[in-house]
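Working notes, beginning with the structure itself.
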Amino acid sequence: MIDANALWEKAAAFHGHVCGGLTIGYKASLYAIELLDLTFSDDEQVVCISENDACCVDAIQAILGCSIGKGNLLFHMTGKQAFSFFNRKTGKSVRLILREKPAGMTRDASFAYFQSHEPQELFDIKETKLTVPEPARIFQSYTCDRCGESTGSNWIHLHGEEKLCPDCYEAYDRFAV
């Protein structure tokens with residue numbers, strides 16, 4: 085059995101304050117734990133694709149162990165309060181979409197609203213639109229021939245005999261405005 089209060093405290097400590105956005109990520113994490121039998125991901129067992137980069141993501145990082153550095157927190161920016169969770173061990177996944185709250189709420193009222201509702205009351209469950217991403221790769225690095233900074237091979241552009249990083253490379257596009 086999970087200690088929801090301890091998880092809330094952990095998320096709040098990580099984020100630095102409490103707010104409605106943090107509560108959304110907290111409730112989404114609790115729901116994902118329930119639906120997919122998740123535990124804290126010490127590697128890449130749990131994956132989250134968040135469709136926003138707001139406060140809610142901090143709760144997901146703190147509670148589920150998803151992080152950009154481990155490669156198991158990714159962003160598919162749609163501006164939606166939607167989160168796809170994947171359990172690599174079982175192959176199961178779920179997409180949680182926040183339902184609309186009542187209109188005209190103050191910031192404090194929104195916080196109270198999210199805090200007082202169970203995850204099942206806050207989110208619609210849908211099938212994931214995206215497939216589980218491949219595990220993170222480690223790329224060989226190359227030195228950019230213009231700026232001298234090291235860049236992963238996946239991002240190097242060849243320009244004649246030069247190896248250029250994305251900052252130094254000028255793309256050719258005859259249709260660019």
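In terms of this note's numbering, the sequence shown opens at residue 85 and continues consecutively. From the three backbone atoms N, C-alpha and C, an ideal C-beta is built for every residue, glycine too. Everything numeric in this text was worked out from a predicted model, so none of it was measured.
Range covered by the alpha helix (DSSP H) that runs through residue i
| i | result |
| --- | --- |
| Lys176 | Lys176 -> not in any alpha helix (DSSP H); beta strand (DSSP E) instead, spanning 176-182. |
| Ala146 | 140-148 |
Boundaries (first-last residue) of the beta strand (DSSP E) holding residue i
| i | result |
| --- | --- |
| Glu233 | It is not in any beta strand (DSSP E) - Glu233 carries neither H nor E in the DSSP assignment. |
| Glu93 | From DSSP, Glu93 is part of no beta strand (DSSP E) but of the alpha helix (DSSP H) over 88-99. |
| Phe223 | Careful: Phe223 lies outside any beta strand (DSSP E) and carries neither H nor E. |
| Ser168 | 166-171 |
| Lys247 | 246-248 |
| Phe159 | 157-159 |
Cβ separation of residue i and residue j, assumed to be a contact under 8 Å, to the nearest whole Å
| i | j | result |
| --- | --- | --- |
| Leu106 | Cys140 | 7 Å |
| Arg230 | Leu248 | 6 Å |
| Asn171 | Val130 | 6 Å |
Of the listed residues the options, nearest to residue i (C-alpha basis)
| i | options | result |
| --- | --- | --- |
| Ala96 | Val261, Ala146, Ser194 | Ala146 |
| Ile86 | Val102, Thr123, His99 | Thr123 |
| Met161 | Phe98, Glu218, Ser234, Cys132 | Cys132 |
| Ser237 | Gly244, Ala187, Ser225 | Ser225 |
| Gly155 | Thr235, Pro219, Asp257 | Pro219 |
| Ala193 | His99, Gly104, Lys94, Glu93 | Gly104 |
| Phe223 | Ser234, Lys213, Ala196 | Ser234 |
| Arg135 | Leu119, Ile144, Ala166 | Correcting the residue type first, residue 135 is Glu in the shown sequence and not Arg. Checking every option, the nearest Cα to that of Glu135 belongs to Ala166. |
message = With three or more beta-carbon pairs closer than 8 Å as the criterion, would you say the stretch 203-220 touches the stretch 110-118?
response = Yes: at least three Cβ pairs fall under 8 Å.
Minimum length 3: unbroken beta strand (DSSP E) runs contained in the stretch 110-134 = 130-134
Uninterrupted beta strand (DSSP E) stretches inside the stretch 177-221 (no shorter than 3 residues) = 207-210
ask   = Taking one C-beta from the stretch 249-259 and one from the stretch 219-238 each time, how about it: are there three or more such pairs within less than 8 Å?
value = yes
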